[in-house]
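There are 2 protein chains.
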Amino acid sequence: MNKRQQPHILVCNDDGIEGEGLHALAAAMKKIGTVTVVAPAEPHSGMSHAMTLGVPLRIRKFFKNSRFFGYTVSGTPVDCIKVALSHILPLKPDLIVSGINYGSNTAINTIYSGTVAAALEGAIQGITSLAFSLTTYENADFTYAAKFARKLAKQVLAEGLPEDTVLSVNIPNVPESAIAGVRVTQQGRSRWKEDAIERNDMYGNPYYWLNGTLQLLDEDIHKDEFAIRSNYVTITPLSCDLTNHSFIGTLEQWKLEK
Amino acid sequence: MNKRQQPHILVCNDDGIEGEGLHALAAAMKKIGTVTVVAPAEPHSGMSHAMTLGVPLRIRKFFKNSRFFGYTVSGTPVDCIKVALSHILPLKPDLIVSGINYGSNTAINTIYSGTVAAALEGAIQGITSLAFSLTTYENADFTYAAKFARKLAKQVLAEGLPEDTVLSVNIPNVPESAIAGVRVTQQGRSRWKEDAIERNDMYGNPYYWLNGTLQLLDEDIHKDEFAIRSNYVTITPLSCDLTNHSFIGTLEQWKLEK
Numbered sequence: 021m022n023k024r025q026q027p028h029i030l031v032c033n034d035d036g037i038e039g040e041g042l043h044a045l046a047a048a049m050k051k052i053g054t055v056t057v058v059a060p061a062e063p064h065s066g067m068s069h070a071m072t073l074g075v076p077l078r079i080r081k082f083f084k085n086s087r088f089f090g091y092t093v094s095g096t097p098v099d100c101i102k103v104a105l106s107h108i109l110p111l112k113p114d115l116i117v118s119g120i121n122y123g124s125n126t127a128i129n130t131i132y133s134g135t136v137a138a139a140l141e142g143a144i145q146g147i148t149s150l151a152f153s154l155t156t157y158e159n160a161d162f163t164y165a166a167k168f169a170r171k172l173a174k175q176v177l178a179e180g181l182p183e184d185t186v187l188s189v190n191i192p193n194v195p196e197s198a199i200a201g202v203r204v205t206q207q208g209r210s211r212w213k214e215d216a217i218e219r220n221d222m223y224g225n226p227y228y229w230l231n232g233t234l235q236l237l238d239e240d241i242h243k244d245e246f247a248i249r250s251n252y253v254t255i256t257p258l259s260c261d262l263t264n265h266s267f268i269g270t271l272e273q274w275k276l277e278k
Numbered sequence: 021m022n023k024r025q026q027p028h029i030l031v032c033n034d035d036g037i038e039g040e041g042l043h044a045l046a047a048a049m050k051k052i053g054t055v056t057v058v059a060p061a062e063p064h065s066g067m068s069h070a071m072t073l074g075v076p077l078r079i080r081k082f083f084k085n086s087r088f089f090g091y092t093v094s095g096t097p098v099d100c101i102k103v104a105l106s107h108i109l110p111l112k113p114d115l116i117v118s119g120i121n122y123g124s125n126t127a128i129n130t131i132y133s134g135t136v137a138a139a140l141e142g143a144i145q146g147i148t149s150l151a152f153s154l155t156t157y158e159n160a161d162f163t164y165a166a167k168f169a170r171k172l173a174k175q176v177l178a179e180g181l182p183e184d185t186v187l188s189v190n191i192p193n194v195p196e197s198a199i200a201g202v203r204v205t206q207q208g209r210s211r212w213k214e215d216a217i218e219r220n221d222m223y224g225n226p227y228y229w230l231n232g233t234l235q236l237l238d239e240d241i242h243k244d245e246f247a248i249r250s251n252y253v254t255i256t257p258l259s260c261d262l263t264n265h266s267f268i269g270t271l272e273q274w275k276l277e278k
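Sequence order for the protein chains is F and D. So the working numbering is basically just the index in the first sequence, starting at one, shifted up by 20. So the working numbering is basically just the index in the second sequence, starting at one, shifted up by 20.
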């Protein structure tokens, strides 16, 4: 980035171009840089790092109150980053911010999240990237979350991040005065207890909707989901290296023959 | 698992119920256990950990040569595991095996892979899980890969794996005599250099196909993609904890204020 120029910031999300959190985040970023918005044309929650291989993608301009707001891509959050970098932006952006997502991207939801995946895709491409979520689906107020996102983005632009690493930020949906503080956290352990709902269609044939409840497997203030429940903003550094390094030594002791 | 009984093995993949590698893997597993196959009705490469939230799922029986072979689910590999555990299998299986995938699931492809995601979903649900890939798209011969999968599955059933951990196994597409050996590896660093193809439709409007070339960012025999190229079978232990633990300490030194 040219020091005399403003940073160029790419804004994406997984809730789609109409997502309220996307507009709050874009507005916050416009206070510290030049913004390009590239977001999915439709909501894409739970898409993780999926990309579109068998279907062509379309890019369209999106207008808000008759003014150009950004681009839509007819695919997943990761598609948006790939298409933005290869066909929309003339130069690599200085920063990618993804969100602000509805609902927490903590614990095991980290790996289901399209919001996090978009940021990770940015990191894979060598761009400093952040993901933001507001931990609610109802009565969302993005005011404090957008303010915090702006402050953290400035700090990250100054400090930088290690390679292949993003910060996943979760913000409780409470007024600023009720925020307990900011904690650096780890991804908590949890799983969804599946309880897919079975129904019959008009022909008597069953269909299933995925459904379930999140079971928290650790209660530890150093873990994201637990800290969020005490009204902390949590910042979890994530990497795209899935290797379980701690198991390498044991596995090498196994008698593995071709 | 009751010691007197055979292990119950759930077989899944991301190439879909007709995938040649799925049938080779199911046949191999039938030699060591009781097998249930649950696979996507259609190919779902590059779907990562995506799940289907906005559309109901269908379960159908699939027949091969007029004999029942397994179940199809009208969704992603992760949907298959979720639906299998909640609606198809009466008890948790002793083992989940995913594959045998066409094309390597090494380096950054690890996070795009639906094959790996299905196995990780098994681990999240507390089930010992393995992912297998044959590192080719052409002239695939699954003979040795299936044999190795059977041997490793037996070993893993005896030894067990740490929680939230799967083994991702990549097997070169060469005859057994040309296999150099078996290596425990780490996920290599790489990225896809995007080169989305732009075309115009019959109305003159552009559309884009994702395309690119894999750039390897490290050359190290301890990394999966590099070792594969020397004809080693690679076994990379993967975890669903994305936390970059090595950056926690530095990040805690940042002045993070609410």
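Ideal Cβ positions, reconstructed from N, Cα and C, are used throughout, including at glycine. Predicted model, so just to flag it, every value in this text is computed and none were measured.
Per DSSP, G53 of chain D has no beta bridge partner at all. Non-local beta-carbon contacts of A216 of chain F in its own chain, meaning distances under 8 Å to residues more than five positions away in sequence, involve Y228, W229, L230, N231 and G232 in chain order.
C-alpha of I268 of chain F to C-alpha of P182 of chain D: approximately 11 Å in a straight line. Around the beta-carbon of V75 of chain D, fewer than 16 other beta-carbon atoms lie within 10 Å, marking it exposed.
Straight across, the Cα-Cα distance linking I108 of chain D with N129 of chain D is about 30 Å. Taking 9 Å as the threshold, the shortest C-beta distance from V57 of chain D to chain F does not fall below it.
Among the CB atoms of chain D, one or more fall inside 9 Å of the CB of M67 of chain F. Runs of the beta strand (DSSP E) spanning 3 or more residues and lying entirely within the region 92-127 of chain F occur at 115-122, in chain order. One alpha carbon belongs to H242 of chain D, the other to D261 of chain F, and they sit about 14 Å apart. For P257 of chain D, the closest Cβ of chain F is nearer than 9 Å. Under the DSSP assignment, S266 of chain D falls in the alpha helix (DSSP H) whose first and last residues are H265 to Q273. Any Cβ of chain F closer than 9 Å to the Cβ of C100 of chain D would place that residue at the interface, and such an atom is absent. Residues of chain D whose Cβ lies closer than 7 Å to the Cβ of V253 of chain F are, in chain order, K278. Its chain contains I29, V31, A46 and M49 as the residues whose beta carbon lies nearer than 7 Å to that of V55 of chain D, once the 5 sequence neighbours on both sides are disregarded; these appear in chain order. With respect to the C-alpha of E38 of chain D, the residue from D:Q25, D:P63 and D:P27 having the closest C-alpha is D:P63. Where N220 of chain F is concerned, the enclosing beta strand (DSSP E) starts and stops at I217 to N220. Between T126 of chain D and N190 of chain D a beta carbon distance of about 5 Å is seen, short of the 8 Å cut, so the two are scored as contacting. Going by beta carbons, S94 of chain D and A143 of chain D fall outside the 9 Å limit.
Nearest to N159 of chain D by alpha-carbon distance, out of D:G36, D:E40, D:Q25 and D:P27, is D:E40. Among the residues facing chain F, G201 of chain D is included, as its CB has a counterpart in that chain under 9 Å away. Close partners of P182 of chain D in chain F (Cβ separation under 9 Å): N264, S266, F267 and T270. Using a CB distance cut-off of 9 Å, K171 of chain D counts as an interface residue toward chain F.
Between L236 of chain D and S210 of chain D, the CB-CB gap stays under 9 Å. Taking CB atoms only, Y157 of chain F has no neighbour in chain D less than 9 Å away. Cα atoms of L105 of chain D and G53 of chain D: separation of roughly 18 Å, rounded to the nearest angstrom. Those residues of the region 66-86 of chain D placed with their C-beta closer than 9 Å to a C-beta in chain F are G66, M67, S68, H69, A70, M71, T72, L73, G74, V75, P76, L77, R78 and I79, ordered along the chain.
Contact between the region 113-122 of chain D and the region 81-88 of chain D is not established, with fewer than three Cβ pairs separated by less than 8 Å. Boundaries of the alpha helix (DSSP H) harbouring I131 of chain D: N129 to Y132, taken from the DSSP string. Where K174 of chain D is concerned, the enclosing alpha helix (DSSP H) starts and stops at T163 to E179.
For V31 of chain D, the secondary structure class from DSSP, reduced to helix, strand or coil, is strand. Taking 9 Å as the threshold, the shortest C-beta distance from V117 of chain D to chain F does not fall below it. The beta-carbon of L105 of chain D is placed less than 9 Å from the nearest beta-carbon of chain F.
Take the alpha-carbon of A200 of chain F and the one of S259 of chain F: they are about 26 Å apart. Taking C-alpha positions only, D240 of chain F is separated from R249 of chain F by approximately 11 Å.
For K275 of chain D, the closest of F:E214, F:V176 and F:G146 by C-alpha to C-alpha distance is F:V176. A distance below 9 Å separates the beta carbons of T92 of chain F and V58 of chain F.
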